[in-house]
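Asker:
Residue numbers (our numbering), protein chains in the order written: chain V, 91 to 749; chain Y, 321 to 580.
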C-alpha cells in the first residue's frame with residue numbers, strides 16, 4: 091500500500107504523467123478508474139488508463155496542441171475528461187477545467203482569458219454552449235466531444251468526436267513513435283499543471299496556476315497524513331473545476347494510486363455512493379447538510395417505534411459517540427449503549443448514506459455548523475474539516491485523528507507554515523502555493539506579500555494547542571454601531587443548521603442591530619407544510635405563509651438564545667428578519683458557482699429590503715427579475731412581511747464552549 | 321435533417337368502424353410513410369384513439385382494407401402487430417405500478433424472449449445469457465431517456481411526467497419499427513413537454529422509427545410532425561403538411577366551431 095508508494099523513487103515521480111506511467115508499471119492490473127455506464131460499473135486498470143491517456147495525448151498533438159497551450163475541459167466527472175487532463179499535461183499543456191453548469195456567457199470569460207484553442211467537452215449540451223459563444227471566442231479553434239449522442243447532424247468542421255481524435259492520434263503515434271515519450275521527458279515539476287479559476291466571490295474570476303510540484307506536494311502531504319494508499323476508493327462527483335476534486339480525484343489518486351469512481355449521472359450520486367461504499371469521501375458542508383435534512387425528513391415519516399429508537403440512540407451518540415471515536419475514556423455503560431445503537435441505528439444509517447466503509451471523510455469550502463459536524467462524528471464517521479483555497483491546492487490545515495476540535499480546522503498540514511497578521515488575517519507559506527494568477531501580475535503581487543506568504547483573506551487565530559480557528563472572511567468581519575464584532579458568516583451558519591433554512595444573509599456592519607434575509611429549504615419546509623395540510627403553490631407562496639414565518643421565527647429565536655450564551659457575539663443577535671420571495675441562485679449572480687453568498691451584490695440588489703428592515707416597516711413590496719435555466723427571464727413579485735424577533739440578555743460569560 | 325422519408329408502409333383504405341349504432345370512423349383513408357412522424361389530430365370524440373386502436377388491432381373495422389408492408393388485410397391482430405414491430409403507449413398510462421422502472425422496461429421485451437418459463441424460473445444457462453442481453457438493451461433505453469436515477473423506483477411513486485417517459489421507454493424496449501403514441505404529452509407542464517418532444521424527435525432521428533401520434537397541443541403537433549391528418553366526428557377533414565392543415569378552413573371551423 092503506502093509502503094509501495096514511498097519505496098518508489100519519488101524524486102523522479104515529479105509530474106503527473108510520470109506518476110501515471112509508474113502506476114501502470116507497478117500496479118498495472120489494479121483498477122484506476124470506474125464509471126457506471128448502462129447500469130454496470132465498468133473499470134479500467136492503471137495500465138489501460140495509461141494507454142487511454144497516451145491515445146488522447148497523440149490525438150491532441152495531431153490537432154495541433156502544443157507545450158504551454160491551454161486545454162478547456164467542460165463536463166461531469168467522466169473518465170475520459172480526467173484522462174484528457176493528464177493527456178494535456180503529457181504534452182506540457184495546461185488543462186483548464188470549467189464549471190459544467192455555468193451558462194455559456196460565463197464560460198466566455200474563461201475561454202478568452204485563458205486563450206483556449208481546443209476544448210474537450212462531455213456532450214451536446216456543452217457543445218451547444220460553446221457554439222453559442224464561439225463568435226466572442228475567435229481563438230477557440232477545435233471543440234472535441236466525448237459523447238456523440240445528438241451530435242450526428244452537427245456538420246461544423248471544427249467539431250470532432252473524441253474517438254476520431256484518438257484515431258487520428260494513432261496515425262500520429264505510428265509516424266512518430268518516440269514523440270510522446272520525449273514530451274513526457276521534457277516535463278518539469280515547476281511547469282504549470284493546471285489552471286483553476288477562482289469562483290469570483292470578489293470581482294472577475296482569476297486563473298490560478300498550480301505547478302505539478304505544488305499539487306503533488308499537497309497530495310503527498312495529505313495522503314501521508316491520513317494514510318491513504320492504493321486500496322482506497324473515492325467517489326468523484328464534485329465539479330472538476332473545483333480545487334477539491336482536483337486534489338482528491340486527480341492529484342491524490344495519482345500519488346497514492348487509489349481508485350476513483352465516476353457516478354452514472356448527477357442524479358444518481360446517492361445510489362452510486364451506496365454501491366461503491368468509498369473509503370474516503372469529500373463533500374462540501376452543503377452536501378452533509380442535505381443528507382442530514384433528508385434523514386430527518388424521513389425519520390419524521392417513520393413509525394413511532396423507529397422514531398423513538400432513533401432519537402434515543404442519537405441522544406446516546408451525542409453524549410459519547412465523538413468521545414469513542416477520539417479514543418477518550420467513556421463509561422462502560424455508555425459504551426454498551428453505543429454498541430447497541432451501532433447495531434440498531436448508526437450502522438444501518440451509515441449504510442443508507444453509503445458511508446459504511448468510510449475511514450476518513452473531509453469537508454471544506456465553507457464553515458460547517460458544529461452541530462452538523464458533531465452529528466456525523468457521533469455516529470462514527472471520521473469527518474474532518476480541512477482548510478485551504480484554490481491558491482493553496484486546498485491544503486493548509488488538517489485535523490489529526492483523535493485531536494478533532496469542532497470549532498477549529500486543525501493543525502498546519504505537513505510542510506505548511508502559518509502566520510496570523512496583526513489585523514487577524516491568516517497568512518500561509520509552503521510548497522503548495524500558487525505560481526501566479528494567469529496574466530495578472532498585479533493580482534499575484536497583491537496576494538503574495540514580500541516574505542512569500544499568501545494572504546488568505548480569512549480572519550482567524552491559532553489557539554493554545556496550535557489549532558487554527560477561522561472566524562470569517564477578513565473583509566466580511568465588520569463592527570456594529572456600538573463597536574461589537576460582527577461576523578456575518580458565523581450567524582448565517584448557525585441559522586443554516588436548521589433543516590428548514592437553506593440560506594441566510596445577515597446584515598449589521600455599521601448598523602446598530604443585526605437583520606437577516608432567510609431562504610427556506612423547499613424540500614424540508616414543503617414536507618413540513620404537507621404534513622400540516624397547509625396548501626401552497628411554489629416557493630414564493632410557501633415562503634409567505636404566516637405558519638412558515640412562525641416556524642422560521644422560532645429558529646431565529648433559538649439562534650439568538652445561543653448567541654446570548656457567548657459574550658463575544660451576544661450583541662449580534664438577529665433583531666428583524668424576512669423570508670425572501672425567491673431562492674438565491676447562481677444563475678442570478680446571487681451565489682457563486684460554489685454556492686457562496688455574494689454579499690455585496692445581494693445588498694445592492696435588495697437595497698429596498700434592507701432599508702425596510704432597518705426602517706422599521708412591517709412589510710415591503712419587491713419585484714425581481716429571475717433567469718431560468720434555459721436562459722429565459724421572468725419576474726417574481728411579492729409583498730414581503732418583516733418580523734421582529736425576541737432577543738435575549740447575555741446569559742453566561744464564557745467562550746462558546748458550552749455543550 | 322438527414323432522415324429520409326421512405327415508402328408508404330401502412331396504408332389505411334376506406335376504414336369504417338362502428339359500435340352498434342355509433343359510427344366512430346367513417347370511410348377514412350390515409351397512409352404512413354417509413355421514418356416519418358405522422359400526427360392524428362381532432363377535437364374530443366373525433367375518433368383519434370379509435371383510429372390508433374384500428375392500426376394495432378384492438379378494434380376491427382367493419383369496412384375497409386389495411387395494407388401493412390405490402391400485406392393486404394381486413395383488420396390487424398394485436399399479437400401479430402407487436403411481433404411485426406409496432407409498439408404503442410396509452411392515453412392513460414398502462415404500466416405495472418408496483419414494479420420498478422427496470423422491470424417495466426424488461427416486460428416490454430417479453431416478446432423477444434425465447435427461453436421457456438421453466439428455464440427462466442431456474443435462471444440458468446441460456447435463460448441467464450438471454451436475460452443479460454435483454455437487460456443491456458433495456459439499459460440503453462434507460463440511458464437514452466435519461467432515467468438512470470429512477471431505475472429501481474416503483475413506477476407508482478413517480479410523478480406523472482416521468483411515468484409517461486417510462487411508458488415510452490417500455491414501448492422502446494421492444495425496439496419497434498413503428499411507434500404509436502396516444503397523447504404522449506397530455507397533462508404535462510411546459511418543461512416536461514419540451515423533454516418529451518426532444519425524446520420523440522431523437523427516437524425518430526436516431527433509430528429511424530416511424531411515429532404515429534395523437535396530440536392535442538397544436539404547437540407541438542405543428543412543430544414535430546411531417547404530416548398531419550385531421551379527424552372530426554369520425555370523418556377525415558384534412559390531410560397534409562402542418563402548414564397546409566393549419567390554413568385549411570374546415571380544420572379551423574372544426575376547432576373554433578364556426579357555423580358552416
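In this text, a Cβ means the ideal position worked out from N, Cα and C, and glycines have one as well.
Along the chain, where does the beta strand (DSSP E) containing residue 594 of chain Y start, and where does it finish?
Answerer: There is simply no residue 594 of chain Y to check, as chain Y begins at 321 and stops at 580 in what is shown.
Asker: Could you name the residues of the same chain whose beta carbon sits closer than 8 Å to that of residue 398 of chain Y, not counting the 5 residues immediately before and after it, in chain order?
Answerer: Around residue 398 of chain Y: 376, 377, 378.
Asker: Tell me whether residue 629 of chain V sits in a helix, a strand or coil according to DSSP, three-state version.
Answerer: Here residue 629 of chain V sits in helix by DSSP.
Asker: Which ranges would you report for the beta strand (DSSP E) in the stretch 375-431 of chain Y if only whole runs of at least 3 residues count?
Answerer: Counting only runs of 3 or more, we get 383-388, 391-393, 406-409.
Asker: Closest to residue 169 of chain V by CA distance: which of V/392, V/352, V/448, V/656 is it?
Answerer: It is V/352.
Asker: Looking only at C-alpha atoms, which of V/140, V/709, V/540 sits nearest to residue 671 of chain V?
Answerer: If we check each option's Cα against that of residue 671 of chain V, V/709 comes out closest.
Asker: Can you list, in chain order, the residues of the stretch 278-304 of chain V whose Cβ is nearer than 8 Å to any Cβ on chain Y?
Answerer: Residues: none.
Asker: Using the Cβ count rule (16 or more neighbours within 10 Å means buried), how would you classify residue 689 of chain V?
Answerer: So residue 689 of chain V ends up on the buried side.
Asker: At the 9 Å Cβ level, is residue 462 of chain Y part of the contact set with chain V, yes or no?
Answerer: Yes, residue 462 of chain Y counts as interfacial toward chain V.
Asker: Comparing the C-beta of residue 543 of chain Y with each C-beta of chain V, is any distance below 9 Å?
Answerer: So no, residue 543 of chain Y is outside the interface.
Asker: Looking only at its own chain, which residues have a Cβ that is under 6 Å from the Cβ of residue 659 of chain V, when we skip the five neighbours before and after it?
Answerer: Counting only Cβ-Cβ distances below 6 Å, and skipping sequence neighbours, we find 653.
Asker: Could you give the C-beta distance for residue 517 of chain V and residue 304 of chain V, rounded to a whole number, given that I count them as a contact under 8 Å?
Answerer: That pair is no contact at about 17 Å.
Asker: Suppose the cutoff is 6 Å on Cβ atoms and the five residues either side in sequence are ignored; what does the same chain contact list for residue 468 of chain V look like?
Answerer: 407, 408, 411, 412.
Asker: Comparing the C-beta of residue 242 of chain V with each C-beta of chain Y, is any distance below 9 Å?
Answerer: Output row for residue 242 of chain V: interface = yes.
Asker: As an exercise, report each continuous alpha helix (DSSP H) stretch of at least 4 residues that is fully enclosed by the stretch 446-505 of chain Y, in chain order.
Answerer: Whole alpha helix (DSSP H) segments, 4+ residues: 446-465, 480-493.
Asker: Quick one: grab the DSSP three-state call for residue 587 of chain Y.
Answerer: Only positions 321 to 580 of chain Y appear in this structure, which leaves residue 587 of chain Y out of reach.
Asker: In chain order, what residues of the same chain have a beta carbon less than 6 Å from the beta carbon of residue 514 of chain V, not counting five sequence neighbours either side?
Answerer: Excluding sequence neighbours, residue 514 of chain V sits near 549.
Asker: Excluding sequence positions up to five away, which residues of its chain have a Cβ less than 6 Å from the Cβ of residue 440 of chain V?
Answerer: Closer than 6 Å at Cβ, skipping near neighbours: 446.
Asker: For chain Y, check one thing: does any of its Cβ atoms lie closer than 9 Å to the Cβ of residue 46 of chain V?
Answerer: In the structure as shown, chain V begins at 91 and stops at 749. Residue 46 of chain V is therefore absent and cannot be evaluated.
Asker: Taking the C-alpha atoms as reference points, what is the distance between residue 208 of chain V and residue 237 of chain V?
Answerer: Near 17 Å, if we compare the C-alpha coordinates of residue 237 of chain V and residue 208 of chain V.
Asker: With 9 Å as the threshold, decide whether the Cβ of residue 469 of chain Y is near any Cβ in chain V.
Answerer: Yes, residue 469 of chain Y lies at the interface with chain V (some Cβ there is under 9 Å from its Cβ).
Asker: Against residue 522 of chain Y, what residues of chain V qualify as contacts under a CB-to-CB distance less than 8 Å, listed in chain order?
Answerer: Correct list: 240.
Asker: Please classify residue 513 of chain V: does DSSP put it in a helix, a strand, or coil?
Answerer: DSSP places residue 513 of chain V in coil when its eight states are reduced to three.
Asker: Pull out every residue of the stretch 357-384 of chain Y whose Cβ sits closer than 8 Å to any Cβ of chain V, in chain order.
Answerer: Cβ contacts with chain V: none found.
Asker: Between the stretch 117-151 of chain V and chain Y, which residues of the former have CB atoms less than 7 Å from a CB of the latter, in chain order?
Answerer: For the stretch 117-151 of chain V, which is checked against every Cβ of chain Y, the residues closer than 7 Å are 128, 129.
Asker: So residue 364 of chain V is in the beta strand (DSSP E); what residue range does that whole segment cover?
Answerer: Not the beta strand (DSSP E): residue 364 of chain V falls in the alpha helix (DSSP H), residues 359-366.
Asker: If you drop the 5 nearest sequence neighbours on each side, which residues of the same chain put their C-beta closer than 7 Å to that of residue 614 of chain V?
Answerer: Closer than 7 Å at the Cβ level, and outside the excluded window around residue 614 of chain V, lie 383, 387, 589, 590.
Asker: Starting from residue 296 of chain V and walking both ways along the beta strand (DSSP E), at which residues does that stretch end?
Answerer: Counting along the chain, residue 296 of chain V falls outside any beta strand (DSSP E), and DSSP gives it neither H nor E.
Asker: Is the CB of residue 525 of chain Y under 9 Å away from at least one CB in chain V?
Answerer: It does: the Cβ of residue 525 of chain Y has a partner Cβ on chain V nearer than 9 Å.
Asker: Are three or more beta carbon pairs between the stretch 210-227 of chain V and the stretch 104-121 of chain V nearer than 8 Å?
Answerer: No: fewer than three Cβ pairs fall under 8 Å.
Asker: Using a Cβ-Cβ cut-off of 7 Å (strictly less than) and excluding sequence neighbours within five positions of residue 507 of chain Y, which residues of its own chain qualify?
Answerer: The residues are 480.
Asker: Is residue 663 of chain V buried or exposed, if buried means 16 or more other CB atoms sit within 10 Å of its CB?
Answerer: Classification for residue 663 of chain V: buried.
Asker: Can you check which of these residues, V/580, V/156, V/560, is closest to residue 649 of chain V by C-alpha distance?
Answerer: The candidate whose alpha carbon is nearest that of residue 649 of chain V is V/580.
Asker: Looking only at DSSP bridge pairs, what is residue 197 of chain V linked to?
Answerer: According to DSSP, residue 197 of chain V bridges with nothing at all.
Asker: Quick one: Cα of residue 585 of chain V to Cα of residue 712 of chain V, how far?
Answerer: Rounded to whole angstroms, residue 585 of chain V to residue 712 of chain V spans 24 Å at the Cα level.
Asker: Quick check: what's the CA-CA separation for residue 474 of chain V versus residue 457 of chain V?
Answerer: So the alpha carbons of these two residues sit roughly 12 Å apart.
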